[in-house]
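Numbering (our numbering), first residue to last: -16 to 483. We put the CB at the ideal spot given by N, CA and C, even for glycine. Since the model is a prediction, treat every value here as computed from it, not as a measurement. Note sheet for the following structure.
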Amino acid sequence: MSEANKQQGLMEKLTALAKRRGFIFQSSEIYGGINGFWDYGPLGVELKRNVKNAWWHDMVTTRDDMVGLDCSIIMNPRVWEASGHLGGFADPMVDCKQCKGRFRADKVWAVKVQSKAGVQVLGVEADDEPHARQAAEPALAKIAKKQGSADVLEVLSADVTLLQPDLAAAFACPSCGQMTLMPARKFNLMFKTYVGAIESENSVAYLRPETAQGIFANFKNVVDTSRVKLPFGIAQIGKSFRNEINPRNYTFRSREFEQMEIEFFCRPNESAKWYEYWRDLRHKWYTNLGLKSSNLHLREHGKEELAHYAAGCADVEYEFPFGVSELEGIANRGDYDLTRHQEFSGKDLTYFDDEAKERFVPHVIEPSAGVDRTCLALLCEAYEEDEVEGEKRTLMRFHPRIAPLKAAVFPLVKKEGMPEVAKAIYRDLKANFPVYYDEKGAIGRRYRRQDEAGTPVCITVDGQTLQDQTVTVRDRDSLQQVRIDKSRCLAYLKEKMGLI
RNA sequence: GCGGGUGUAGCUCAGUGGUAGAGCGUCACGUUGCCAACGUGAAUGUCGUGGGUUCAAGUCCCAUCACCCGCUCCA
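Here it is, written out as structure tokens:
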């Protein structure tokens, strides 16, 4: 089997396990599902919550220079004009049915030529009409030589097919020359809705395509109310929506997804330093969750990849079975966003630096992470098959910090008072963490069931417990068992999770 | 969006136009003395969905939806 096939097999096994154990379900599955939307089941929601809590704990709670925020999903549409989401990303495109090429509609031109042989259409790709005519010249010369004359009747941009789709038949593909272009379509990836009961042009609104803009829009509010001083960050976790053309790779590219974003504001002359700081810190953070550093890559964007306003950008990438893909982007966005919002809102978004006695628009570093992508990476990373005494075993090697269940408690057998002791331990632990109690069937089966859920330890009450108050603690990864006093269970778990 | 593939029980999958199945899992009872033990029994199906052909459709035809792969896209 090739490496690619093996990797593909891994995704299939992983999606089967995720379904079987209640990590991830297809959204509205009983109605046939809906493309690009996913639900988290009982184990999945714990995993996801653990990821978000770890991020919030590490990026907000334990830091002195960060405050949190939770913005609405629907905002004044002017926000998206200022951010550029409404303008530049709605370029109409045309596709060729024949050669599968895709072109920006305003760059595809039809040059209609009249000769003795009749009217024919030349398809060219050019920035504007003069360039289109220029590009058509060699072909024109050829026709003129053959037919004696070649007169240009009309030069048309494929833009017109946006309003008049039937005109698409009058265009030739600039790549293959066939008359097989489809009408232009807009690729605006924001979900549109209407605010209020009446659907009119004035009531159009959008579901946010990123959480970041809510932070910029509230910059002044936070500065005015929170006594923050540069450099400081504003953090937010929340849902975002993008009407992706082609959702793919399980939950990796969904139309509804959750982001963990920070806008870290700093003095302009310190932005390069802070950019490096956040890039490296965020890269390292994923290893704390249990992602192997050999599967994590930090990829610095080349100059040609950068947005015009960005001074630097790096992606934290993970080696998924379906390829190396982005978990988080860290960008040095300069003062672009605040300046834009200042222009569009007419409100002053400058910061007054009391030390230097000067007023300026802060620069910003944006570490923007995907919650669902991180969860998917953790699932991929954790999945493992090994062999125990000749039997195949499937287990999820989650770091105890993010494991959905922290422990399971079993009586070795369902008699002699063992269930009562086990239940008491379970109640005690359950008050602190998600813990599972199970007394059904053979002990081996119960262990294996927890292995698939990724539960780090199983605590078993046996005959000896009744004598000396000790229980066995079985480790998911090593299968080693140790005896500890039953009163130490909580401390043992906390230690495992790195809490003490 | 284009092309190819797939869709039957919770999972993995058999199923020749003629009574919907298996393995695993789940549940109940019994048994149990540390790694998917055993016995007995049980539940679970819009055969993705909607049409059509046929005496009869899981099976043939059409449409549609979802998933996977390749291209494309990815602020």
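Are the beta-carbon atoms belonging to R238 and F174 less than 9 Å from one another? yes
Who pairs with P230 in a beta bridge, going by DSSP? Answer is none; P230 lacks a bridge partner.
Considering only the alpha carbon of each residue, which of Y258, E241 and I126 lies closest to C249? Y258
Applying the 10 Å Cβ sphere with the 16-neighbour rule, what's the burial state of V187? exposed
Are three or more beta carbon pairs between the segment 454 to 466 and the segment 431 to 444 nearer than 8 Å? yes
Count Cβ pairs between the segment 55 to 68 and the segment 207 to 215 that sit closer than 8 Å; are there 3 or more? no
Hey, quick one: how far does the alpha helix (DSSP H) through E259 stretch, first residue to last? S254 to N271
Closer than 8 Å is the cut-off here; do at least three beta carbon pairs connect the segment 41 to 59 with the segment 211 to 228? yes
Flag this pair as yes or no: are the beta carbons of W268 and I245 separated by less than 9 Å? no
Residue range of the unbroken beta strand (DSSP E) whose run includes L310: G306 to G317
Look up T453 in the DSSP assignment and give the residues it is bridged to. D468
Quick check: what's the CA-CA separation for K423 versus P394? 9 Å
Write down every uninterrupted run of the beta strand (DSSP E) in the segment 120 to 144 whose length is 3 residues or greater and which is fully enclosed by it, in chain order. 134 to 140
Quick one: measure Cβ to Cβ for Y301 and L274, integer angstroms, because I've assumed they're closer than 8 Å. 7 Å
Between the Cα of F86 and the Cα atoms of I426, V135, E108 and L0, which residue gives the shortest distance? E108
So is E367 buried or exposed if we call it buried at 16+ other beta carbons inside 10 Å? exposed
Measuring straight from C-alpha to C-alpha, what distance separates P383 and E364? 14 Å
State the start and end residues of the unbroken alpha helix (DSSP H) segment that holds V28. P25 to W39
So E64 is in the alpha helix (DSSP H); what residue range does that whole segment cover? R61 to S66
What three-state label does DSSP hand G71 in the structure shown? Reliability fails at G71, whose pLDDT of 48 lies under 50, so the model's placement of it is uncertain and the value that follows must be treated cautiously. Looking at G71 - three-state DSSP - the assignment turns out to be coil, as it is neither helix nor strand.
Looking at Y177 and S183, is the spacing between their C-beta atoms short of 9 Å? yes
If you count every other CB in all the chains shown that lies within 10 Å of the CB of G373, and 16 or more means buried, which is it? exposed
Helix or strand or just coil, what does DSSP make of A290? coil
For V94 and V104, the rounded distance between their alpha carbons: 6 Å
Quick one: grab the DSSP three-state call for F235. coil
Just to confirm before moving on: does the CB-CB distance between F303 and L359 stay below 9 Å? yes
Span of the beta strand (DSSP E) around G216: F215 to F224
Give the secondary structure of R431 by DSSP, where H, G and I count as helix, E and B as strand, and everything else as coil. helix
DSSP has L279 in a bridge; who is on the other side? Y301
Let me know the secondary structure DSSP gives S158 once reduced to three states. coil
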